[in-house]
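Numbering (my numbering), first residue to last: 1 to 131.
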């Protein structure tokens with residue numbers, strides 16, 4: 001945050017910093033939730049594509065009287081299944097990490113809320129005393 005401010009800009013109060021941090025947390029939380037939703041949609045699409053591919057592999061060699069050995073079809077199907085399991089595991093790890101981050105951000109936001117409220121109250125009292 002500090003690096004984006006020019007030298008001539010006024011230094012923000014702690015309350016302003018806390019407010020900015022709180023807004024950043026809300027923004028990051030929204031972005032993570034959006035990305036997790038996109039990932040869930042992509043997984044559904046990926047599963048559908050894998051199912052389509054598995055069906056196509058099962059039909060391999062059946063067109064126009066050609067046939068493909070069952071071992072080859074089975075090997076291809078197993079490779080597809082293995083790839084899908086690897087992708088599912090990676091997606092699950094990604095989701096868990098983002099859920100952990102999301103939980104931490106929510107905890108931080110919960111802790112920050114009362115601090116922010118007290119900081120604004122203190123600043124308001126200070127402003128009344130200065131008048």
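Note that CB positions come from ideal geometry on N, CA and C, so glycine has one too. What you are looking at is a predicted structure, and each value in this text was computed from that prediction instead of being measured.
Next item on the list: Would you mind sorting residue 15 into buried or exposed? The rule is 16 or more other CB atoms within 10 Å of its CB.
Entry: buried
Next item on the list: Please check the pair residue 108 and residue 25, which I expect to be a contact at CB under 8 Å, by giving their CB distance rounded to whole angstroms.
Entry: That pair is a contact at about 6 Å.
Check: According to DSSP, is residue 12 helix, strand or coil?
Finding: coil
Margin query: Assess contact between the stretch 31–51 and the stretch 113–120, defined as three or more Cβ pairs (one per stretch) separated by less than 8 Å. Is contact present?
Written below: no
Notebook entry, point to check: Candidates 28, 98 and 85: which alpha carbon is nearest residue 43's?
Noted result: 85
Note to self: To the nearest angstrom, how far is the alpha carbon of residue 129 from that of residue 121?
What the structure shows: 12 Å
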